[in-house]
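So that you can map any letter, position 38 of the sequence shown is 38 in this note's numbering, and since no number is skipped, the others follow by simple counting.
Every residue gets a Cβ at the ideal spot worked out from N, C-alpha and C, and that includes glycine.
As structure tokens, the structure follows; a few thoughts come after it.
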Amino acid sequence: MNTEPGLGDYVDFFVPGDEGPRRVSSVEGMNEALDALIATSNGTPARLYHRARPTLPAGGVDHELQVAVDAGRSVGALRFGANGTWFTKGTTPPKGLAAAGAIYDYPQDAEVPLDDVRAALAEFFETHELPTVIAWQEDTADF
1 MNTEPGLGDY VDFFVPGDEG PRRVSSVEGM NEALDALIAT SNGTPARLYH
51 RARPTLPAGG VDHELQVAVD AGRSVGALRF GANGTWFTKG TTPPKGLAAA
101 GAIYDYPQDA EVPLDDVRAA LAEFFETHEL PTVIAWQEDT ADF
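Below you can see the structure in the form of structure tokens.
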């Protein structure tokens, strides 16, 4: 884990279609990157890595947060992998978010309003952990 003050206080936010990651260093930057994902909205999830989290012994990241959006319906879904895999748990009737190109499929009931996605990303930026502002379901690979 980075121990120097301020070192690693950013998120690498990979928006599909970008040449490389957006280095995000504020909640406002998270919102801008999410807006870019919404604008492209081709079903391919973005991948996020918070650089303040611990690294694995080989130096790789210990987590991945995926964000998929359906801009036309103003919904999104999150997948968080670190010590297990978790998906958002939606409260609206499932429609099945199209996550074409995703490494992992999303459960049909993973959809949440984009405002909830935005709030979860802000919390992830601040805490570096699984956001608590939304409900989660553990991956059972049975959906």
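Here the alpha carbon of residue 50 sits roughly 15 Å from the alpha carbon of residue 31.
Just so you know, the alpha carbons of residue 76 and residue 112 end up roughly 6 Å apart. Between residue 41 and residue 18, the CB-CB gap reaches or exceeds 9 Å. Per DSSP, the unbroken beta strand (DSSP E) holding residue 76 starts and ends at 75 to 81.
Note on geometry: alpha-carbon atoms of residue 21 and residue 11 lie some 9 Å from one another.
Listed in chain order, the alpha helix (DSSP H) runs fully inside the segment 6 to 85 are 27 to 40, counting runs of at least 4 residues. In terms of Cβ geometry, residue 110 and residue 90 form a close pair [threshold 9 Å]. Scanning its chain for C-beta atoms nearer than 8 Å, with the 5 sequence neighbours on each side dropped, one finds around residue 63 the residues 49, 50, 53, 80, 81, 82, in chain order.
Scanning its chain for C-beta atoms nearer than 8 Å, with the 5 sequence neighbours on each side dropped, one finds around residue 137 the residues 86, 87, 88, 89, 107, 109, 110, in chain order.
In the three-state reduction of the DSSP assignment, residue 123 falls in the helix class, which pools H, G and I.
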